[in-house]
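> First residue of the sequence shown? That's 1 in the UniProt record's numbering, and the numbers climb one at a time after it. Even for Gly, the Cβ is constructed at its ideal location relative to N, Cα and C. This structure is a prediction, so every number in the text was calculated from the model and none was measured.
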Amino acid sequence: ESLKGTEYIIASETAALHALGYDLVGDLAPGEAIFIDNDRNLHTQQCAESPRLVPCIFEHVYFARPDSVIDDIFVHKARMRMGVTLADRIKRVWPDHDIDVVIPIPDTSRTSAVELALRLGVKFREGFIKNRYIGRTFIMPGQQMRKKSVRQKLNAIDLEFKGKNVLLVDDSIVRGTTSQEIVQMARDAGARRVYFASASPPIRFRNVYGIDMPAVEDLIAHGRTEEEVGEVIGADKLIYQTLEDLKAAVGRGNRSIQDFECSVFTGDYVTGIDNDYLESLEHKRGDKSKRKKFKQTA
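(1) Secondary structure at Asp259, three-state DSSP: helix, strand or coil?
(2) Near Val166, which residues of its chain fall below 6 Å by C-beta distance, leaving aside the five closest residues on each side in sequence?
(3) Does the Cβ-Cβ distance between Ala197 and Leu118 come in under 7 Å?
(4) Need the endpoints of the beta strand (DSSP E) that Glu32 sits in, please.
(5) Would you mind stating whether Gly253 and Ile57 have Cβ atoms separated by less than 7 Å?
(6) Can you tell me the Cα-Cα spacing of Arg224 and Ser256, whole angstroms?
(7) Taking Ala33 as the reference, which of Tyr22, Lys91, Gln45 and Pro201 has the closest Cα?
(8) Report yes if the CB atom of Arg65 is closer than 7 Å to the CB atom of Glu13, and no otherwise.
(9) Can you tell me whether Leu238 is helix, strand or coil according to DSSP?
(10) Do Ile203 and Ala215 come within 7 Å of each other at the CB atom, strictly closer than that value?
(11) Would you mind reading off the limits of the alpha helix (DSSP H) that contains Thr177?
(12) Between the alpha carbons of Gln184 and Val232, how many angstroms are there, rounded?
(13) Alpha carbon to alpha carbon, what distance is there between Arg110 and Met80?
(14) Which term fits Thr108, buried or exposed, when burial requires 16 or more other beta carbons within 10 angstroms of its beta carbon?
(15) Using C-beta distances below 6 Å, list every residue in its chain close to Asn275, excluding the 5 sequence neighbours before and after it, in chain order.
(16) Could you tell me the distance, in whole angstroms, from the CA atom of Ala16 to the CA atom of Asp98?
(17) Mind checking Leu120: buried by the 16 CB within 10 Å criterion, or exposed?
(18) Need the endpoints of the alpha helix (DSSP H) that Arg79 sits in, please.
(19) So what's Phe138 in DSSP terms, helix, strand or just coil?
(20) What's the gap between the Cα of Leu154 and the Cα of Phe63?
(21) How would you call Tyr8, buried or exposed, if buried means at least 16 neighbouring beta carbons within 10 angstroms?
(22) Would Thr6 and Arg40 be called neighbours here (beta carbons separated by less than 7 Å)?
(23) By Cβ distance, which residues of its chain are closer than 7 Å to Pro201, with the 5 residues on each side in sequence left out?
(24) What does DSSP give as the partner residues of Gly163 in its beta bridges?
(25) Using the C-alpha atoms, what's the distance from Val174 back to Val75?
(26) Looking at the strands, I want to know which residues DSSP matches up with Arg193.
(27) Measure the C-alpha to C-alpha separation of Ile36 and Leu28 and round it to an integer number of angstroms.
(28) So, helix, strand or coil for His18, using DSSP?
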């Protein structure tokens with residue numbers, strides 16, 4: 001409420017509401033439209049027949065702020081559970097591991113990495129200092145620019161790596177550029193062995209719902225096994241979260257959600273996407289197209 005009456009704000013995350021002093025009234029339902037008229041009256045209308053809630057799981061993996069609540073799921077808690085399930089997977093597939101220390105790749109993976117370390121009974125340490133003035137590297141045009149940006153974005157603390165078997169934890173692996181550079185940075189800092197764990201499954205397919213993700217040819221996991229991805233990024237061992245475990249970790253926050261939008265992992269699009277559209281998207285998102293646009297605007 002204000003001197004002028006009731007004010008409304010619509011946002012994709014609750015963190016924005018709280019920062020501006022607004023109260024959360026509710027979530028936009030699937031297929032629902034909201035209209036606010038000039039007299040500040042709020043109107044809602046259902047525009048779809050038999051809609052069902054299938055939220056994007058990648059919001060919880062990477063994009064959402066940890067202090068947000070999305071569809072009644074606390075993002076911070078969801079990421080904590082991701083760390084627990086990832087640790088349990090490591091125990092299953094690698095019971096005799098020789099990990100000395102768990103180090104997160106800032107910032108999103110930190111929450112999962114803390115819980116993973118606790119679950120494994122291994123030390124957790126901060127090993128990278130982040131330059132907050134460098135943007136997301138996986139959407140930058142050109143491989144060389146991305147590699148350079150990774151080095152500018154992160155700086156290793158040699159003390160935490162020297163002579164140790166290190167498990168690096170990241171929220172996901174998209175192009176692999178960041179992962180490859182960071183693995184090498186860990187080796188340069190003196191790590192004896194460098195292992196890598198991803199809090200999400202292999203990203204093998206395009207996103208068509210608003211994330212500027214690369215063309216499939218630029219996704220490191222597309223057409224490769226998990227072992228092959230590990231070899232490309234230079235890790236001594238690579239472990240991915242399973243999709244089943246990821247869904248369970250996020251879904252525990254709201255058991256009324258029956259499924260999630262997971263197309264970047266499965267290639268199954270809930271709205272049904274034809275090949276012509278996918279091919280058009282592929283052309284627009286490929287590295288060659290992005291470099292051309294970058295040169296035109298530079």
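With the structure as the only source:
(1) Position 259 of the sequence shown, counted from the first residue, corresponds to residue 259. Here DSSP, grouped into helix, strand and coil, assigns Asp259 to coil.
(2) Walking along the sequence shown from the start, residue 166 turns up at place 166. For Val166, where only same-chain residues beyond five positions count, the Cβ hits under 6 Å are Val101, Ile103, Ala186, Ala191 and Val194.
(3) Working through the sequence shown from its first residue, we reach residue 197 at position 197. Working through the sequence shown from its first residue, we reach residue 118 at position 118. Taking 7 Å as the Cβ cut-off, Ala197 and Leu118 do not qualify as a contacting pair.
(4) Sequence index remark: in the sequence shown, residue 32 carries index 32 (1-based). Looking at the DSSP string, the run of the beta strand (DSSP E) that includes Glu32 is Glu32 to Ile36.
(5) As a first step, residue 253 must be located in the sequence shown, where it is residue number 253. As a first step, residue 57 must be located in the sequence shown, where it is residue number 57. It is not a contact, given that the beta carbons lie outside the stated cut-off.
(6) Taking the sequence shown and counting its residues from 1, one reaches residue 224 at position 224. Taking the sequence shown and counting its residues from 1, one reaches residue 256 at position 256. If I take the Cα positions, the gap works out to 35 Å.
(7) Counting from 1 along the sequence shown, the entry for residue 33 is found at position 33. When only C-alpha atoms are compared, the closest one is Gln45.
(8) Within the sequence shown, numbered from 1, the residue matching residue 65 stands at position 65. Within the sequence shown, numbered from 1, the residue matching residue 13 stands at position 13. Closer than 7 Å, so yes.
(9) Looking up residue 238 in the sequence shown gives position 238. Per DSSP, reduced to three states, the secondary structure at Leu238 is strand.
(10) The count along the sequence shown starts at 1 and reaches residue 215 at position 215. The count along the sequence shown starts at 1 and reaches residue 203 at position 203. No, the pair does not count as a contact, with Cβ atoms beyond the cut-off.
(11) One-based indexing of the sequence shown puts residue 177 at position 177. From DSSP, the alpha helix (DSSP H) with Thr177 extends over Thr177 to Asp188.
(12) On the sequence shown, position 184 is the one that residue 184 refers to. On the sequence shown, position 232 is the one that residue 232 refers to. Gln184 and Val232 have their C-alpha atoms spaced approximately 12 Å apart.
(13) As a first step, residue 80 is located in the sequence shown; it is residue number 80 there, counting from the start. As a first step, residue 110 is located in the sequence shown; it is residue number 110 there, counting from the start. Met80 and Arg110: Cα-Cα distance of roughly 9 Å.
(14) Numbered from 1 along the sequence shown, position 108 holds the residue referred to as residue 108. Around the beta carbon of Thr108, a 10 Å sphere encloses 16 or more other beta carbons of the protein chains shown; the residue is thus reported as buried.
(15) The sequence position of residue 275 within the sequence shown is 275, counting from 1. Same-chain partners within the cutoff: there are none.
(16) Position 16 of the sequence shown, counting from 1, holds the residue named residue 16. Position 98 of the sequence shown, counting from 1, holds the residue named residue 98. Distance between the alpha carbons of Ala16 and Asp98: 42 Å.
(17) Start at 1 with the first residue of the sequence shown, and residue 120 comes out as number 120. Buried, because 16 or more other Cβ atoms sit within 10 Å of the Cβ of Leu120.
(18) Here residue 79 refers to the residue found at position 79 of the sequence shown. From DSSP, the alpha helix (DSSP H) with Arg79 extends over Val75 to Val93.
(19) By one-based count along the sequence shown, residue 138 stands at place 138. In this predicted model, Phe138 has a pLDDT of only 48, less than 50, meaning its place in the structure is not dependable; the value taken from the coordinates is given anyway. If DSSP states are grouped into helix, strand and coil, Phe138 belongs with the helices.
(20) Sequence index remark: in the sequence shown, residue 154 carries index 154 (1-based). Sequence index remark: in the sequence shown, residue 63 carries index 63 (1-based). Cα to Cα, Leu154 sits roughly 19 Å from Phe63.
(21) One-based indexing of the sequence shown puts residue 8 at position 8. Around the beta-carbon of Tyr8, fewer than 16 other beta-carbon atoms lie within 10 Å, marking it exposed.
(22) Taking the first residue of the sequence shown as 1, we reach residue 6 at position 6. Taking the first residue of the sequence shown as 1, we reach residue 40 at position 40. Going by C-beta atoms, Thr6 is nearer than 7 Å to Arg40.
(23) As a working mapping, residue 201 is identified with position 201 in the sequence shown. Once the five neighbours on either side are set aside, the close Cβ partners of Pro201 are Tyr240, Gln241, Thr242, Leu243, Leu246 and Phe265.
(24) Residue numbering aside, residue 163 sits at position 163 when the sequence shown is read from its first letter. BP columns for Gly163 are empty, so no partner.
(25) On the sequence shown, position 75 is the one that residue 75 refers to. On the sequence shown, position 174 is the one that residue 174 refers to. Rounded to the nearest angstrom, the gap between the Cα atoms of Val75 and Val174 is 21 Å.
(26) Your numbering for residue 193 matches position 193 in the sequence shown. DSSP, once it has assigned bridges, lists Asn165 as partnering Arg193.
(27) Looking up residue 36 in the sequence shown gives position 36. Looking up residue 28 in the sequence shown gives position 28. Computed Cα separation, rounded: 14 Å.
(28) Start at 1 with the first residue of the sequence shown, and residue 18 comes out as number 18. Helix.
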